[in-house]
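Report on one structure; see the data block that follows.
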Amino acid sequence: MNAPKKHPEIPGTIVFDGEMAMKGYALNRMCYSFNSAENREAFRADEEAYCAKYGLTEEQRDAVRRRDVLAMLEAGGNIYYLAKLLGIFGLNVQDIGAMQTGMTVEEFKQKLVEAGR
Amino acid sequence: MNAPKKHPEIPGTIVFDGEMAMKGYALNRMCYSFNSAENREAFRADEEAYCAKYGLTEEQRDAVRRRDVLAMLEAGGNIYYLAKLLGIFGLNVQDIGAMQTGMTVEEFKQKLVEAGR
Amino acid sequence: MAKIVGAIMTSHVPMIGRAIANRNLQQDPYFKPFFDGLHPVRDWLARVKPDVAVLIYNDHGLNFFLDNLPTFAVGAAPVYHNADEGWGLPPFGSFAGDPRLSWHVIECLIEDEFDIATCQQVVVDHAFSIPMLLLWPDERPVRTVPILINTVQHPLPSPVRCAKFGRAIGRALESYEEDIRIVVVGTGGLSHQLEGTRAGFINKAFDLECIDSLATDPSRLTRYTSRELVALAGAQGVEILNWITARAALEGAVREIHRNYHIPISNTAAGTLLLEPLAA
Amino acid sequence: MAKIVGAIMTSHVPMIGRAIANRNLQQDPYFKPFFDGLHPVRDWLARVKPDVAVLIYNDHGLNFFLDNLPTFAVGAAPVYHNADEGWGLPPFGSFAGDPRLSWHVIECLIEDEFDIATCQQVVVDHAFSIPMLLLWPDERPVRTVPILINTVQHPLPSPVRCAKFGRAIGRALESYEEDIRIVVVGTGGLSHQLEGTRAGFINKAFDLECIDSLATDPSRLTRYTSRELVALAGAQGVEILNWITARAALEGAVREIHRNYHIPISNTAAGTLLLEPLAA
Ligand SMILES: [Fe+3]
Ligand SMILES: [Fe+3]
Chain A
426 MNAPKKHPEI
436 PGTIVFDGEM
446 AMKGYALNRM
456 CYSFNSAENR
466 EAFRADEEAY
476 CAKYGLTEEQ
486 RDAVRRRDVL
496 AMLEAGGNIY
506 YLAKLLGIFG
516 LNVQDIGAMQ
526 TGMTVEEFKQ
536 KLVEAGR
Chain B
426 MNAPKKHPEI
436 PGTIVFDGEM
446 AMKGYALNRM
456 CYSFNSAENR
466 EAFRADEEAY
476 CAKYGLTEEQ
486 RDAVRRRDVL
496 AMLEAGGNIY
506 YLAKLLGIFG
516 LNVQDIGAMQ
526 TGMTVEEFKQ
536 KLVEAGR
Chain C
1264 MAKIVGAIMT
1274 SHVPMIGRAI
1284 ANRNLQQDPY
1294 FKPFFDGLHP
1304 VRDWLARVKP
1314 DVAVLIYNDH
1324 GLNFFLDNLP
1334 TFAVGAAPVY
1344 HNADEGWGLP
1354 PFGSFAGDPR
1364 LSWHVIECLI
1374 EDEFDIATCQ
1384 QVVVDHAFSI
1394 PMLLLWPDER
1404 PVRTVPILIN
1414 TVQHPLPSPV
1424 RCAKFGRAIG
1434 RALESYEEDI
1444 RIVVVGTGGL
1454 SHQLEGTRAG
1464 FINKAFDLEC
1474 IDSLATDPSR
1484 LTRYTSRELV
1494 ALAGAQGVEI
1504 LNWITARAAL
1514 EGAVREIHRN
1524 YHIPISNTAA
1534 GTLLLEPLAA
Chain D
1264 MAKIVGAIMT
1274 SHVPMIGRAI
1284 ANRNLQQDPY
1294 FKPFFDGLHP
1304 VRDWLARVKP
1314 DVAVLIYNDH
1324 GLNFFLDNLP
1334 TFAVGAAPVY
1344 HNADEGWGLP
1354 PFGSFAGDPR
1364 LSWHVIECLI
1374 EDEFDIATCQ
1384 QVVVDHAFSI
1394 PMLLLWPDER
1404 PVRTVPILIN
1414 TVQHPLPSPV
1424 RCAKFGRAIG
1434 RALESYEEDI
1444 RIVVVGTGGL
1454 SHQLEGTRAG
1464 FINKAFDLEC
1474 IDSLATDPSR
1484 LTRYTSRELV
1494 ALAGAQGVEI
1504 LNWITARAAL
1514 EGAVREIHRN
1524 YHIPISNTAA
1534 GTLLLEPLAA
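Top line first, the protein sequences correspond to chains A, B, C and D.
Per the working numbering, the very first residue in the first sequence carries number 426; after that it's consecutive.
Per the working numbering, the very first residue in the second sequence carries number 426; after that it's consecutive.
Per the working numbering, the very first residue in the third sequence carries number 1264; after that it's consecutive.
Per the working numbering, the very first residue in the fourth sequence carries number 1264; after that it's consecutive.
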């Protein structure tokens, strides 16, 4: 084979490829640690210290501080790992669906019901 | 392909395949922990407790107690992981070569020099 | 010799866990259309009584991290524990393994030039536990072999590669010497996307095309690249790779026993498909 | 475009580390025949000045455990640290990565249907650090990409599969858009065996056959199975898989620049081979 082609953009979608992985490693590594309840507790107890321990970039820390999912993704966060962090914030996949699309949660749920019609 | 053939025996050699891996997991997991100096220290401080913590089988514990490399291999130990345990006992690959072949270390070294002639 | 009795494909949406923990919810209008689709599958299982389930699924960041993320992995443990994934789903206990069968599969796959990772310990996530509980709600009568496919980190394996992998899994299982009955289970999908401004994306037409293709002509799905699957099925809809792989484990013509499709469970189009080899 | 300037194969026996830490030992009659064989290689490196070294080697139970042991893995970290392996070799510091090149290689290999694990963090062991220090004793002028092959847990990949993998690595490197010069380094071997009553096994005739084959007709080595390599080269001599893979990265005819062979270093027959593509 030859050099992989540049892939076409997919609207509204950041594909988590090598480019994003390079950017996001520190953030994703922190989020992976949240499989452990003890680590989730440590994050809750001192969020800034926990982020510092994992060496988050300023962009990543800022996105986390602002609970801004789209900014976390831009900063290289992978949704599978981010889901664990977002769980700490009490946000499930429908909450973050609404946040990212600028809807209320009820509107977002309704949109999904309508997709089935 | 069809069912993998039974492999011919290789004299004096235990091939570390699935069969051995199933047998040796606890022992190998313990040995893998010895990449950490702290864990090596804990083993030195209380060998029995450390082996118990990793759930070694009686056959494995006995082989470890007796510093019997061939018995460790029979019990499913993999040499790459065992090397870390044997290092704690102050044994390098030439020492264990001698032990396994029933030679003195000098004889074992001499045998290797002669292999080059 | 071992025999593959069928392939089941089903979704593994975490929200289903709620209706597993609280069975009353299965009669709730939100969950009922999905759970009703499982009864014919459970009836079939009660009839064919498989000894082993081979689960083809993707880990969601519980067992694997990006420091060592395999494209394909095969579990070879005596038991698999389900664990806390960090966002609130309670673990559903443990599942018996079949390490001897696992090692047989591993031997065959390496011989067939699949560069799998071998995993003598695997913590299984909801993509394994939820389908197990959907298929066997009351008991755990089967031993299991987990086979994991990377859907987390691009580049993902292509549909073509997954189909080849599935066929090799099928050959491996069929060459096992013990007289056991094996069901292959592909989990995940159908269309959904959790992240980005396209979150909530669903593609009913494509999902129905997928189900039809897998039932009648699976080669139609291998025209796509994995990137195209992301575009068509959503970022997580790419879990259809697990369905493609499981389907490919069946050789020759198949009989469709049952299908079900319902939108939505949580953010996801939920589907179930049961196929039986015609020769069976 | 990137260019592969050559392939170097060399042993990675831990005992060599002693003569790296204490250079006086390199004049000792025990070490001298091996170290003398490195001077022509260092001269060549000083002349061709590669920018990147791709190291093809096997982990010895430092970075990987049996819970997730990849057949083939590719590192994609900005830096690789050498670490304590438990039996006394002092670590040799850190080595710069080239994550952009790593990801290019990963993209190409997955597209070519190699089911690699991707590793955004790798602790490198003596099989990486010792060859690096042998080739560049005084400075670290190259960026690195580690590529790992399982030689720990059978079934191992076959020589045929490794040769295909090596050729795919070569194609991937040659398709990289940056104008860089790349040297491929295969480490390990030659014949040796640490465990069992056959410990201390050496097979000079087979080692010389391997060196000849790699220099003149590498396809001869792909007749063997990995089990046969264990029988012929010893349980650890199977590290010749790394040499086979590195050699296969070179396309077409090659020129032999240098070879060296000496028994023993510790329990091992130590060898070095430097090949240059004729087209270069
Ligand atoms: Fe999923
Ligand atoms: Fe080695």
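Even glycine gets a Cβ: it sits at the ideal position worked out from N, Cα and C.
Treat the numbers as computed from the prediction; the structure is a model and nothing was measured.
So which residues of chain A does residue 1350 of chain C contact, with C-beta pairs closer than 8 Å? What residue 1350 of chain C touches in chain A: 508, 509, 511, 512, 517.
Excluding the 5 residues flanking residue 530 of chain A on each side, which residues of the same chain have their C-beta closer than 7 Å to its C-beta? Same-chain partners within the cutoff: 519, 520, 523.
Considering only their Cβ atoms, is the gap separating residue 1414 of chain C from residue 1541 of chain C smaller than 9 Å? No Cβ-Cβ contact shorter than 9 Å links residue 1541 of chain C with residue 1414 of chain C.
Alpha carbons only, please: which of D/1372, D/1458, D/1367, D/1396 is nearest the one belonging to residue 493 of chain B? Of D/1372, D/1458, D/1367, D/1396, the smallest CA-CA separation from residue 493 of chain B is found for D/1458.
Would you check whether ligand 3 has a heavy atom nearer than 8 Å to the C-beta of residue 1384 of chain C? The model on display carries ligand 1 and ligand 2 but not ligand 3.
At least one CB of chain C closer than 9 Å to the CB of residue 475 of chain A: is that the case? When Cβ-Cβ separations below 9 Å define contact, residue 475 of chain A makes no contact with chain C.
Nearest chain D C-beta to residue 427 of chain A closer than 9 Å, yes or no? Residue placement at residue 427 of chain A is poorly supported in this model, since its pLDDT is 45, which falls under 50; the coordinates still yield a value, given next. By this cut-off, residue 427 of chain A is an interface position.
For the stretch 1390-1404 of chain D against the stretch 1275-1284 of chain D, are there 3 or more C-beta pairs whose distance is under 8 Å? Because the criterion of three Cβ pairs below 8 Å is met, the stretch 1390-1404 of chain D and the stretch 1275-1284 of chain D touch.
Straight-line gap, residue 434 of chain A to residue 537 of chain A (C-alpha atoms, nearest Å): Between residue 434 of chain A and residue 537 of chain A, the alpha-carbon positions lie close to 24 Å from each other.
Would you say residue 480 of chain A touches ligand 1, meaning its beta carbon is less than 8 Å from a heavy atom? No, Cβ of residue 480 of chain A sits at least 8 Å from all heavy atoms of ligand 1.
The stretch 1503-1522 of chain C in contact with the stretch 1439-1451 of chain C per 3-pair CB rule at 8 Å: The stretch 1503-1522 of chain C, when compared against the stretch 1439-1451 of chain C, does touch it at the 8 Å Cβ threshold.
Measure from the alpha carbon of residue 1525 of chain C to the alpha carbon of each residue in C/1266, C/1289, C/1287, C/1295, then state which is nearest. Taking only the C-alpha atoms, the option nearest residue 1525 of chain C is C/1295.
Per DSSP, what are the beta-bridge partners of residue 1412 of chain C in this structure? BP columns for residue 1412 of chain C point to C/1335.
Under the three-state DSSP convention, the category residue 445 of chain A falls into: For residue 445 of chain A, the secondary structure class from DSSP, reduced to helix, strand or coil, is helix.
Please look up how many angstroms separate the CB atoms of residue 1487 of chain C and residue 1390 of chain C, rounded, as I've assumed it's under 8 Å. Taking the Cβ atoms as the reference, residue 1487 of chain C lies roughly 21 Å from residue 1390 of chain C, outside the contact range of under 8 Å.
Go to residue 1508 of chain D, then tell me how far its alpha helix (DSSP H) extends in each direction, as first and last residue. Note, residue 1508 of chain D: alpha helix (DSSP H), 1503-1511.
What residues in the stretch 1452-1470 of chain D bring their beta carbon closer than 8 Å to a beta carbon of chain B? Residues passing the 8 Å Cβ filter: 1456, 1457, 1458, 1459, 1460, 1461, 1462, 1463, 1464, 1465, 1467.
By Cβ distance below 7 Å, which residues in the same chain neighbour residue 427 of chain A in space, the five residues on each side in sequence not counted? Confidence at residue 427 of chain A is low in this model, with a pLDDT of 45, below 50, so the placement of that residue is unreliable and no value is reported for it.
With 9 Å set as the bound, which would you pick, yes or no: does the beta-carbon of residue 442 of chain A sit closer than that to a beta-carbon of chain D? Interface criterion met: the Cβ of residue 442 of chain A is under 9 Å from a Cβ in chain D.
If you run the structure through DSSP and keep just helix, strand and coil, what is residue 1278 of chain D? Coil at residue 1278 of chain D, not helix or strand.
What residue does the beta strand (DSSP E) around residue 1520 of chain D start on, and which one ends it? Counting along the chain, the beta strand (DSSP E) containing residue 1520 of chain D begins and ends at 1517-1528.
Quick one: what's got a C-beta closer than 8 Å to residue 1289 of chain D's C-beta in the same chain, skipping five residues either side? Non-local beta-carbon contacts of residue 1289 of chain D in its own chain, meaning distances under 8 Å to residues more than five positions away in sequence, involve 1282, 1295, 1298 in chain order.
What distance in whole Å lies between the Cβ atoms of residue 1280 of chain D and residue 1352 of chain D, which are believed to be in contact at a cut-off of 8 Å? Rounded, the Cβ-Cβ distance is 5 Å, consistent with contact.
On the DSSP letters alone, give me the boundaries of the beta strand (DSSP E) that residue 1323 of chain C sits inside. Counting along the chain, residue 1323 of chain C sits inside no beta strand (DSSP E), nor does DSSP assign it H or E at all.
Would you mind telling me which residues of chain C sit closer than 8 Å to residue 496 of chain B, beta carbon to beta carbon, in chain order? The premise fails here: residue 496 of chain B is roughly 21 Å from chain C at the closest Cβ pair, so nothing lies under 8 Å.
Anything in chain C within Cβ reach of residue 525 of chain A, meaning under 8 Å, just list it in chain order. When 8 Å is used as the limit between beta carbons, residue 525 of chain A is near these residues of chain C: 1458, 1459, 1460, 1462, in chain order.
Residues of chain D with CB closer than 9 Å to the CB of residue 1420 of chain C, please, in chain order. Neighbours of residue 1420 of chain C on chain D, chain order: 1373, 1376, 1378.
Count the other CB atoms, across all protein chains shown, that sit within 10 Å of the CB of residue 514 of chain B; report buried if there are 16 or more and exposed otherwise. Residue 514 of chain B is exposed by the Cβ-count criterion.
Is it buried or exposed, residue 1323 of chain C, if we count other Cβ atoms within 10 angstroms and call 16 or more buried? Sixteen is the threshold: when 16 or more other Cβ atoms of the shown chains lie within 10 Å of the Cβ of residue 1323 of chain C, as they do, the residue is buried.
In three-state terms, what does DSSP make of residue 459 of chain A? The answer is coil: DSSP assigns residue 459 of chain A none of H, G, I, E or B.
By the three-class DSSP mapping on this structure, what secondary structure does residue 426 of chain A have? With a pLDDT of only 42 at residue 426 of chain A, under the threshold of 50, the placement of this residue in the model should not be trusted; the figure read from the coordinates follows. Three-state DSSP puts residue 426 of chain A in coil, outside helix and strand.
Closer than 6 Å to ligand 2: residues, by C-beta to nearest heavy atom, in chain order: Cβ-based neighbours of ligand 2 within the cut-off: D/1275, D/1323, D/1390, D/1451, D/1499, D/1502.
Within-9 Å CB hit, residue 505 of chain A to chain C: So yes, residue 505 of chain A belongs to the interface.
Any C-beta of chain B sitting closer than 9 Å to the C-beta of residue 1430 of chain D? Using a CB distance cut-off of 9 Å, residue 1430 of chain D does not count as an interface residue toward chain B.
Output the boundary residues of the alpha helix (DSSP H) element that contains residue 1489 of chain C. Here the alpha helix (DSSP H) through residue 1489 of chain C covers 1489-1496.
Element boundaries [beta strand (DSSP E), containing residue 1533 of chain D]: Per DSSP, residue 1533 of chain D is one residue of the beta strand (DSSP E) stretching across 1531-1540.
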